[in-house]
Amino acid sequence: MVFLDSNIFLLDRFFPRDKNHKVNKQFLERINEMGIRAAVPFFTLLEICGITSFNLSAEEQEKWLYSFPEVYPVEILDPFERPEETTGSLDYFSELTAYILKKMTVGDAIFLREAEMYGAAAIVTWNKKHFSGRTAIAVFTPREYVQRQ
67 MVFLDSNIFL LDRFFPRDKN HKVNKQFLER INEMGIRAAV PFFTLLEICG
117 ITSFNLSAEE QEKWLYSFPE VYPVEILDPF ERPEETTGSL DYFSELTAYI
167 LKKMTVGDAI FLREAEMYGA AAIVTWNKKH FSGRTAIAVF TPREYVQRQ
C-alpha cells in the first residue's frame, strides 16, 4: 500500500500550470494502470476537502467528501480501525502526540501515524522534508516514484 499526501490531489486539481503538474498527472495515471494499492487517511481527506471547499462547487465538494475513490484511484482508511487491533480515542491522541513531538504539523502527524499503522510500503508527497528522517517508510516525490517503477 502506498500512502498519497494531500498535495498530490491539490496540485492535480488546482495547479495545472505548476512545473510538476505533468509528472503528478503521470504518477496518478501510473498507479491506476499498474493497480498499485493507493491510500489516503480519513483525516487527510478532511484536510483536502477543507482546502478545496473554497474552490469547488457544492456538488463537486460533496463528491470529494463522500465518493473520493470515484474521483481518484485511492481507498480511504478509517483512523480507528487498525489492521490487527482496535484503539480508543485516548490511545489515538497519545500516538499523535508522539508524532507531533517529532516537530510535525497535526495533519502530517495523522498522515504518518496512519502510514506506519497500516505498514505502508511508501509515502508519496511533494513535501519529502515533512517525513524524511521521521519514519522508516521510504518517502518519494511523484517523479521519483514513477522513475522507480
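For what it's worth, the numbering used here labels the leading residue of the sequence shown as 67, then goes sequentially.
We treat Cβ as the ideally placed atom computed from N, Cα and C, and that holds for glycine.
Since we're looking at a predicted model, the values are computed, not measured.
Delimiting residues of the beta strand (DSSP E) encompassing residue i
| i | result |
| --- | --- |
| PRO107 | 104 to 107 |
| LEU76 | It is not in any beta strand (DSSP E) - LEU76 instead sits in the alpha helix (DSSP H) that spans 72 to 80. |
| ALA188 | 188 to 190 |
Endpoints, alpha helix (DSSP H) assigned at residue i
| i | result |
| --- | --- |
| PHE93 | 87 to 99 |
| ALA175 | 172 to 183 |
| VAL137 | 124 to 137 |
| VAL140 | Counting along the chain, VAL140 falls outside any alpha helix (DSSP H), and DSSP gives it neither H nor E. |
Same chain, Cβ closer than 7 Å to residue i, five either side skipped, listed in chain order
| i | result |
| --- | --- |
| ASP84 | LEU77 |
Closest by C-alpha distance to residue i, when choosing among the options
| i | options | result |
| --- | --- | --- |
| LEU111 | ASP174, LYS91, TYR158 and LYS168 | ASP174 |
| ARG8 | TYR138, ARG200 and GLU113 | This structure cannot settle anything about residue 8, because the visible part of the chain is limited to 67 through 215. |
Within 9 Å, strictly: CB atoms of residue i and residue j
| i | j | result |
| --- | --- | --- |
| ASN98 | TRP192 | no |
| PHE108 | ASP144 | yes |
| ALA105 | LEU70 | yes |
Counted within 10 angstroms of its Cβ, other Cβ atoms place residue i as buried (16 or more) or exposed
| i | result |
| --- | --- |
| ASN90 | buried |
| LEU178 | buried |
| ALA171 | The residue asked about is misnamed: residue 171 is Thr in this sequence, not Ala. THR171 should be labelled exposed. |
Cβ neighbours of residue i in the same chain (closer than 8 Å, five flanking residues each side left out)
| i | result |
| --- | --- |
| ALA204 | ALA187, ALA188 and ILE189 |
Own chain partners of residue i with C-beta closer than 6 Å, once the 5 adjacent residues on each side are dropped
| i | result |
| --- | --- |
| GLU113 | SER72 and GLY173 |
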